[in-house]
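Here's the structure we're looking at; comments come further down.
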């Protein structure tokens with residue numbers, strides 16, 4: 001556990017008051033699952049909010065217990081002397097609103113009925129998820145956020161955070177993300193959702209007390225997702241056309257190819273840790289995210305932001321390609337904002353943001369420690 | 379009906395003897411659904427075999443009756459004075475072995491049991507489908523094939539035809555096709571099949587006498603397929619992020635975006651015309667197709683072929699990209715075969731092979747009439 005934040009515990013904060021969602025719906029109460037690493041300084045200006053991707057959770061760093069072999073999802077970047085240096089910064093990570101890892105979502109019990117919300121849970125947006133995180137920061141008494149950082153969907157939230165709270169955010173790190181999904185990316189999400197909804201076990205979202213859950217639909221949705229997280233080159237490198245545990249075709253409908261086996265496995269392990277309704281809600285929020293449409297233009301969206309920006313993309317990412325990152329970069333440059341941009345060469349596709357750590361570590365560390373340095377008391 | 383072959387009827391030919399499949403299984407009887415356009419000449423050397431793509435049928439040209447508004451799938455290219463000029467050539471098209479539009483497949487009645495084959499139907503390969511077509515040509519007494527032509531999966535079959543019968547095939551037209559699927563393309567097929575198999579109504583392939591068929595799984599598989607037939611640019615041009623029949627998000631799980639509506643529609647109309655088991659078998663045959671693996675190398679595969687080749691690819695096709703077409707072209711050039719190659723610029727993705735007719739018409743007509751001309755008596 002060298003350079004590790006050590007053993008950590010997920011904590012919970014409940015927002016009792018109504019939250020007004022973008023849809024107009026008012027919602028309460030909202031419990032937020034979160035973890036923190038490092039110490040909040042006296043000036044309360046060394047906090048960094050890191051935000052997970054589509055199916056992540058609040059457990060971003062450290063271990064759950066002494067026998068835990070698998071650290072949090074961004075452990076390589078969060079810890080003493082790491083990119084998000086917990087000797088200097090107070091790092092916070094929450095589970096997304098509508099999720100299924102501690103924060104209130106469709107699988108949570110509605111206190112008014114005593115039953116899980118299911119699809120009576122309100123459809124929400126990325127802006128709503130950001131609002132919930134802001135309430136937690138308020139609870140900590142944080143007056144200024146040193147940085148908000150996220151990859152993929154987490155990047156959308158980080159972007160929205162910088163836009164929603166222009167005076168609050170000092171710096172923003174956006175990794176492998178976009179200001180709006182392409183129609184192709186919407187299409188993949190739509191087919192994934194269709195896969196869940198068309199599973200009879202989904203039962204209009206009321207499956208929590210059933211024996212059978214919409215595992216098949218959810219697993220299939222995850223398989224579709226994983227195709228988009230890899231790229232052609234990554235698939236060639238990882239699998240090629242290699243067969244799984246056999247030398248010849250089986251001439252039946254069992255798994256023949258390694259790539260099939262990989263996807264099946266990803267689908268299978270996913271159903272143990274994720275809720276099908278949460279998948280519906282969160283992908284919908286991602287589809288709805290569209291800064292151009294919401295603010296009239298990307299320039300309007302970012303015009304009031306006072307944040308410095310670090311933007312990272314990956315050349316083989318075809319889900320959120322570099323061209324989309326560059327749209328944000330060009331907009332920020334036009335607006336004369338402080339923006340650094342780096343396209344990392346990688347053969348890993350969209351997954352690269354969780355794999356290509358070495359170069360990200362250097363870039364992020366330098367951005368946080370040097371580019372914005374001297375402005376906090378450690 | 380100008381330049382049309384007019385009203386046509388699908389005919390049926392039954393191969394009574396056993397067909398030995400690549401798996402080793404012997405299968406009989408096999409009924410082949412086919413259509414012909416034009417007249418076979420006395421020398422029986424003006425026949426052209428056109429082969430349909432994944433979900434096509436034998437109805438390649440003309441109309442089914444006087445009120446029929448929708449001609450066959452390649453009608454723009456087949457007819458008097460068209461690319462496949464029925465004044466000169468005798469054009470034949472069959473439904474694929476294992477299909478569901480007249481040729482024996484899993485939905486056909488097994489004469490030994492009086493029940494549909496279901497998944498007792500043998501798993502077959504592209505080579506098997508070609509063998510069945512060759513039997514039909516033998517029945518016509520055709521001694522030499524003027525041309526074999528196909529797009530996408532039809533191109534795989536055409537390629538295999540030229541390789542399986544090197545002395546029989548004079549020319550081969552391969553459009554938007556590949557000598558083997560990429561792992562990504564296998565992945566899409568695998569998820570499509572998984573979608574069908576995980577539909578409880580699939581019932582291990584025994585659904586023909588059920589009230590409910592695996593329509594949801596099949597529809598979902600088709601939606602996945604359609605994402606790969608379009609490209610990013612085509613999706614932007616066709617749909618962008620435009621909403622379907624609304625100005626604002628609905629904040630529910632109904633269809634919001636036009637691209638969702640398009641895919642849902644494609645899925646819905648597909649279940650009326652296609653059999654889920656056939657989809658499993660045919661995509662498996664496509665996954666299995668691998669000339670490099672089968673013959674040791676692409677050079678070995680084509681070494682005995684005496685055919686002239688016309689190869690067409692589309693620059694925006696990411697399912698079977700130009701790079702894969704070029705592998706075939708380069709192999710044929712290395713082998714000193716007669717090969718013409720054209721990459722057509724198109725914003726339509728893989729679908730381009732069924733849309734970009736004007737330029738294909740010219741290229742194919744010139745290839746057939748000029749490049750191989752003077753060798754048949756009209």
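Residue numbers (my numbering), protein chains in the order written: chain B, 1 to 378; chain X, 379 to 756.
Glycine included, every Cβ here is placed at the ideal spot set by N, Cα and C.
All values reported here derive from a predicted model rather than from experimental measurement.
Subject >> Residues of its chain near residue 741 of chain X, where Cβ-Cβ distance is below 6 angstroms and the 5 sequence neighbours each way are ignored >> reply: Looking up residue 741 of chain X in the second chain gives position 363. Same-chain partners within the cutoff: 720.
Subject >> According to DSSP, residues forming a beta bridge with residue 206 of chain B >> reply: In the first chain, counting from the first residue as 1, residue 206 of chain B sits at position 206. Bridge partners of residue 206 of chain B: none, in fact.
**OP:** Using three-state DSSP, classify residue 319 of chain B as helix, strand or coil.
**Re:** Residue numbering aside, residue 319 of chain B sits at position 319 when the first chain is read from its first letter. Residue 319 of chain B: coil per DSSP, three-state reduction.
Subject >> Any chain X beta carbon closer than 9 angstroms to residue 249 of chain B >> reply: The residue given as residue 249 of chain B occupies position 249 in the first chain. Chain X contact via Cβ: present.
**OP:** Give the single residue among X/387, X/460, X/507 and X/519 whose Cα lies nearest to the Cα of residue 397 of chain X.
**Re:** Counted from its first residue, the second chain places residue 397 of chain X at position 19. The shortest Cα separation from residue 397 of chain X among X/387, X/460, X/507 and X/519 belongs to X/507.
Original post:
How many Å lie between residue 686 of chain X and residue 294 of chain B at the Cα?
Top reply: Counting from one through the second chain, the residue named residue 686 of chain X turns up at place 308. Counting from one through the first chain, the residue named residue 294 of chain B turns up at place 294. For residue 686 of chain X and residue 294 of chain B, the distance between alpha carbons rounds to 56 angstroms.
Subject >> Candidates B/328, B/353 and B/79: closest to residue 160 of chain B by CA position >> reply: For the purposes of this step, residue 160 of chain B is taken as the residue at position 160 of the first chain. Comparing Cα-Cα distances from residue 160 of chain B to each of B/328, B/353 and B/79, the minimum goes to B/328.
Subject >> Cβ neighbour criterion (16 or more within 10 Å) applied to residue 675 of chain X >> reply: Against the second chain, residue 675 of chain X aligns to sequence position 297. Classification of residue 675 of chain X: exposed, given that the 10 Å Cβ count is below 16.
Original post:
Looking only at its own chain, which residues have a Cβ that is under 6 angstroms from the Cβ of residue 533 of chain X, when we skip the five neighbours before and after it?
Top reply: Working through the second chain from its first residue, we reach residue 533 of chain X at position 155. Within the same chain, residue 533 of chain X has close Cβ partners 552, 553 and 555.
Original post:
What are the uninterrupted segments assigned as beta strand (DSSP E) that are 3 or more residues long and contained completely in the stretch 548 to 608 of chain X, given in chain order?
Top reply: 549 to 553
Original post:
When burial is assigned at 16 or more other CB atoms within 10 Å of the CB, is residue 651 of chain X buried or exposed?
Top reply: The sequence position of residue 651 of chain X within the second chain is 273, counting from 1. Residue 651 of chain X should be labelled exposed.
Original post:
So with Cβ pairs under 9 angstroms, would you call residue 19 of chain B a contact of chain X?
Top reply: In the first chain, counting from the first residue as 1, residue 19 of chain B sits at position 19. No, its Cβ sits nowhere closer than 9 angstroms to a Cβ of chain X.
**OP:** Could you check what DSSP says for residue 543 of chain X in three-state terms: helix, strand or coil?
**Re:** Within the second chain, the letter at position 165 stands for residue 543 of chain X. Here residue 543 of chain X sits in coil by DSSP.
**OP:** Could you work out which residue in X/663, X/450 and X/584 is closest to residue 732 of chain X when comparing CA atoms only?
**Re:** Locating residue 732 of chain X in the second chain gives position 354, counting from the first residue. Residue 732 of chain X has its Cα closest to that of X/450, out of X/663, X/450 and X/584.
Original post:
Taking Cβ positions, are residue 428 of chain X and residue 456 of chain X nearer each other than 9 angstroms?
Top reply: In the second chain, residue 428 of chain X corresponds to position 50, counting from 1. In the second chain, residue 456 of chain X corresponds to position 78, counting from 1. Yes; because the gap between Cβ atoms is below 9 angstroms, this pair is in contact.
Original post:
Which of helix, strand or coil does DSSP assign to residue 744 of chain X?
Top reply: For the purposes of this step, residue 744 of chain X is taken as the residue at position 366 of the second chain. It is helical.
Original post:
From what residue to what residue does the alpha helix (DSSP H) around residue 645 of chain X run?
Top reply: Taking the second chain and counting its residues from 1, the one referred to as residue 645 of chain X is at position 267. Taken as a continuous stretch (DSSP letters only), the alpha helix (DSSP H) holding residue 645 of chain X covers 636 to 649.
**OP:** Could you work out which residue in B/100, B/106, B/148 and B/208 is closest to residue 84 of chain B when comparing CA atoms only?
**Re:** By one-based count along the first chain, residue 84 of chain B stands at place 84. The candidate whose alpha carbon is nearest that of residue 84 of chain B is B/148.
**OP:** Measure the C-alpha to C-alpha separation of residue 64 of chain B and residue 34 of chain B and round it to an integer number of angstroms.
**Re:** On the first chain, residue 64 of chain B is found 64 positions in, with the first residue counted as 1. On the first chain, residue 34 of chain B is found 34 positions in, with the first residue counted as 1. It is roughly 13 angstroms from the alpha-carbon of residue 64 of chain B to the alpha-carbon of residue 34 of chain B.
Original post:
Hey, residue 122 of chain B and residue 629 of chain X: beta-carbon distance below 9 angstroms or not?
Top reply: For the purposes of this step, residue 122 of chain B is identified with residue 122 of the first chain, where counting begins at 1. For the purposes of this step, residue 629 of chain X is identified with residue 251 of the second chain, where counting begins at 1. Result yes, Cβ atoms of residue 122 of chain B and residue 629 of chain X sit closer than 9 angstroms.
Original post:
Since residue 719 of chain X is in the alpha helix (DSSP H), which residue starts that stretch and which ends it?
Top reply: Against the second chain, residue 719 of chain X aligns to sequence position 341. Element bounds for residue 719 of chain X: not the alpha helix (DSSP H) but the beta strand (DSSP E), 717 to 722.
Original post:
Can you name the start and end residues of the alpha helix (DSSP H) that residue 658 of chain X belongs to?
Top reply: Within the second chain, the letter at position 280 stands for residue 658 of chain X. Unbroken alpha helix (DSSP H) run through residue 658 of chain X: 654 to 666.
**OP:** Using the Cα positions of residue 444 of chain X and residue 385 of chain X, report the straight-line distance between them to the nearest angstrom.
**Re:** By 1-based counting over the second chain, the position of residue 444 of chain X is 66. By 1-based counting over the second chain, the position of residue 385 of chain X is 7. Whole-angstrom Cα-Cα distance: 7 angstroms.
**OP:** Compare the C-beta of residue 213 of chain B with all C-beta atoms of chain X and state if any pair is closer than 9 angstroms.
**Re:** The residue labelled residue 213 of chain B in the question sits at position 213 within the first chain. It does not; no Cβ of chain X falls within 9 angstroms.
Original post:
Is there a Cβ from chain X that is less than 9 angstroms from the Cβ of residue 110 of chain B?
Top reply: Indexing the first chain from 1 puts residue 110 of chain B at position 110. No, because no Cβ of chain X sits closer than 9 angstroms to the Cβ of residue 110 of chain B.
Subject >> Bridge partners - residue 313 of chain B, DSSP secondary structure assignment >> reply: Within the first chain, the letter at position 313 stands for residue 313 of chain B. Paired residues: B/343.
Subject >> Proximal residues to residue 330 of chain B (C-beta, below 8 angstroms), its chain only, five neighbours per side dropped >> reply: Start at 1 with the first residue of the first chain, and residue 330 of chain B comes out as number 330. Same-chain partners within the cutoff: there are none.
Original post:
CB residue 439 of chain X to CB residue 472 of chain X, shorter than 9 angstroms?
Top reply: Within the second chain, residue 439 of chain X is the residue found at index 61, counting from 1. Within the second chain, residue 472 of chain X is the residue found at index 94, counting from 1. For residue 439 of chain X and residue 472 of chain X, no; Cβs fall outside 9 angstroms.
Original post:
Terminal residues of the continuous alpha helix (DSSP H) containing residue 433 of chain X?
Top reply: Start at 1 with the first residue of the second chain, and residue 433 of chain X comes out as number 55. Unbroken run through residue 433 of chain X: none, as it is neither H nor E.
**OP:** Give the DSSP-derived three-state secondary structure of residue 502 of chain X in the structure shown.
**Re:** Counting from one through the second chain, the residue named residue 502 of chain X turns up at place 124. Residue 502 of chain X: coil per DSSP, three-state reduction.
Original post:
Using a Cβ-Cβ distance under 9 angstroms, would residue 152 of chain B count as near chain X?
Top reply: As a position in the first chain, residue 152 of chain B is number 152, starting the count at 1. Cβ-Cβ to chain X under 9 angstroms: no for residue 152 of chain B.
Subject >> Rounded C-alpha distance that separates residue 227 of chain B from residue 518 of chain X >> reply: As a working mapping, residue 227 of chain B is identified with position 227 in the first chain. As a working mapping, residue 518 of chain X is identified with position 140 in the second chain. Straight-line Cα distance between these residues: approximately 45 angstroms.
Original post:
So which of X/645, X/700 and X/401 has the shortest CA-CA distance to residue 573 of chain X?
Top reply: For this step, residue 573 of chain X is matched to residue 195 along the second chain. Looking at the Cα atoms, X/645 is the closest of the given residues.
Original post:
Are the CB atoms of residue 485 of chain X and residue 653 of chain X nearer to each other than 9 angstroms?
Top reply: Counting from one through the second chain, the residue named residue 485 of chain X turns up at place 107. Counting from one through the second chain, the residue named residue 653 of chain X turns up at place 275. In this structure, residue 653 of chain X lies closer than 9 angstroms to residue 485 of chain X by Cβ.
Original post:
Is the number of C-beta pairs between the stretch 561 to 572 of chain X and the stretch 257 to 265 of chain B that are closer than 8 angstroms three or more?
Top reply: The stretch 561 to 572 of chain X vs the stretch 257 to 265 of chain B: in contact.
Original post:
Can you list the residues of chain B that residue 534 of chain X reaches, using a CB-CB cut of under 9 angstroms?
Top reply: Within the second chain, numbered from 1, the residue matching residue 534 of chain X stands at position 156. Under the 9 angstroms cutoff, chain B gives no residues; its nearest Cβ is about 15 angstroms from residue 534 of chain X.
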